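Residue numbers (our numbering): 411 to 718.
The structure is reproduced here in structure tokens:
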């Protein structure tokens, strides 16, 4: 069997100076209309949101090994070296999957912002910079035990939680928590929260109804925001913070009893129309992925906001 054009590109890769040369062989064409004619729809139900994808070719395998050193993401057309990376910003496929999983987890469980609290925990650097993530998670475990005692003493139902680490340029860590209650979130004075934490500054706030907390958290973790000196406007560099995440760090944890996405497949346009007719579409994209001018995949993606 002859090699595909994608494999031909990869086989020559060791002779190339860098991955940018390979990238020149890959083209992502963005389209105004859906190019896919089949009626197979891949559904991901996240309680508050619905994601629907179609593929021009059946997505049997996401990653295709091209050589011992290179592989390609069939869905995105991205060719990557398989050697280990020094940090997460160089391992885009890994961080993309993790971010998507975090976004799905939040969308599945944060269905009413009035029932949630958003909490930030930091360390007082006067006592030294805390770089050890094992210590950070141990401190959170002890903090959570104190919080559970507080909840019981104040007749508050113990909430579910999502705990996300945020690295700082100094090497220190912050934690961001989403507490998810079964009822309207109680008022907990920030002074009380600081006493429960005991390691530094805390901030406790409710979520606004307009907040898209899943997108906010993921953007907060990935993007670098700064003020341009010339225009005095806020500027955003997408994914600029990813290099701060070292390999091997599990940067979010959560309660055991959280919901996860339900994935299904439907096989007719009528089922698709019945499913989405009362939903608000919030996003749509259509792309063709080419390698050496050979079409390797087409992807149609839609996101909908479900009625509460």
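Even for Gly, the Cβ is constructed at its ideal location relative to N, Cα and C.
The structure presented is a predicted model; accordingly, all values stated were derived computationally and were not measured.
Out of curiosity, what's the CA-to-CA distance linking residue i and residue j?
{"i": "residue 521", "j": "residue 533", "result": "30 Å"}
{"i": "residue 708", "j": "residue 452", "result": "14 Å"}
{"i": "residue 468", "j": "residue 437", "result": "20 Å"}
{"i": "residue 611", "j": "residue 543", "result": "18 Å"}
{"i": "residue 525", "j": "residue 699", "result": "42 Å"}
{"i": "residue 497", "j": "residue 509", "result": "Any reading at residue 497 must be qualified, since the residue scores a pLDDT of 47, below 50, and its modelled position is unreliable; no value is offered."}
{"i": "residue 444", "j": "residue 462", "result": "13 Å"}
{"i": "residue 595", "j": "residue 601", "result": "17 Å"}
{"i": "residue 688", "j": "residue 681", "result": "13 Å"}
{"i": "residue 430", "j": "residue 608", "result": "Bear in mind that a pLDDT of 47 at residue 430, under 50, signals an unreliable position, so the number given afterwards is only what the model happens to contain. Spanning the two alpha carbons is a distance of roughly 48 Å."}
{"i": "residue 428", "j": "residue 517", "result": "With a pLDDT of 40 at residue 428, under the threshold of 50, the modelled position of this residue cannot be trusted; read the value that follows with caution. One C-alpha to the other measures close to 38 Å."}
{"i": "residue 657", "j": "residue 504", "result": "10 Å"}
{"i": "residue 662", "j": "residue 574", "result": "4 Å"}
{"i": "residue 446", "j": "residue 551", "result": "48 Å"}
{"i": "residue 626", "j": "residue 442", "result": "27 Å"}
{"i": "residue 710", "j": "residue 454", "result": "14 Å"}
{"i": "residue 464", "j": "residue 669", "result": "25 Å"}
{"i": "residue 615", "j": "residue 585", "result": "14 Å"}
{"i": "residue 717", "j": "residue 667", "result": "23 Å"}
{"i": "residue 671", "j": "residue 545", "result": "31 Å"}
{"i": "residue 557", "j": "residue 693", "result": "38 Å"}
{"i": "residue 440", "j": "residue 553", "result": "47 Å"}
{"i": "residue 613", "j": "residue 481", "result": "43 Å"}
{"i": "residue 683", "j": "residue 673", "result": "18 Å"}
{"i": "residue 549", "j": "residue 631", "result": "21 Å"}
Do you know whose CA, among the options, lies nearest residue i's CA?
{"i": "residue 555", "options": "697, 466, 603 and 459", "result": "603"}
{"i": "residue 696", "options": "547, 713 and 683", "result": "713"}
{"i": "residue 576", "options": "444, 515, 547 and 606", "result": "547"}
{"i": "residue 628", "options": "446, 464 and 511", "result": "511"}
{"i": "residue 507", "options": "660, 464 and 440", "result": "660"}
{"i": "residue 654", "options": "481, 440, 541 and 553", "result": "541"}
{"i": "residue 593", "options": "717, 523 and 613", "result": "523"}
9 Å is my cut-off, CB to CB: does residue i come that close to chain D?
{"i": "residue 444", "result": "Of the protein chains in the structure, only one exists, and it is not chain D."}
One question on the structure: do residue i and residue j come within less than 9 Å of each other, judged by their Cβ atoms?
{"i": "residue 531", "j": "residue 598", "result": "no"}
{"i": "residue 623", "j": "residue 588", "result": "yes"}
{"i": "residue 460", "j": "residue 685", "result": "yes"}
{"i": "residue 458", "j": "residue 715", "result": "yes"}
{"i": "residue 572", "j": "residue 665", "result": "yes"}
{"i": "residue 514", "j": "residue 456", "result": "yes"}
{"i": "residue 591", "j": "residue 559", "result": "no"}
{"i": "residue 570", "j": "residue 605", "result": "no"}
{"i": "residue 466", "j": "residue 702", "result": "no"}
For residue i, write down the residues that DSSP places opposite it in a beta bridge.
{"i": "residue 526", "result": "590"}
{"i": "residue 570", "result": "590"}
{"i": "residue 557", "result": "None, per the DSSP bridge assignment."}
{"i": "residue 460", "result": "455 and 714"}
{"i": "residue 613", "result": "530"}
{"i": "residue 584", "result": "576"}
{"i": "residue 699", "result": "438 and 707"}
{"i": "residue 540", "result": "None, per the DSSP bridge assignment."}
{"i": "residue 672", "result": "455"}
{"i": "residue 690", "result": "715"}
{"i": "residue 550", "result": "Looking at the DSSP assignment, residue 550 forms no beta bridge with any residue, so it has no partner."}
{"i": "residue 664", "result": "572"}
Assess, as a yes-or-no matter, whether the region 444 to 458 is touched by the region 677 to 686 under the definition of 3 or more beta carbon pairs within less than 8 Å.
-> yes
Within the chosen definition, does the region 578 to 590 reach the region 560 to 567 through at least 3 CB pairs nearer than 8 Å?
-> At 8 Å Cβ cutoff, the stretches do not touch.
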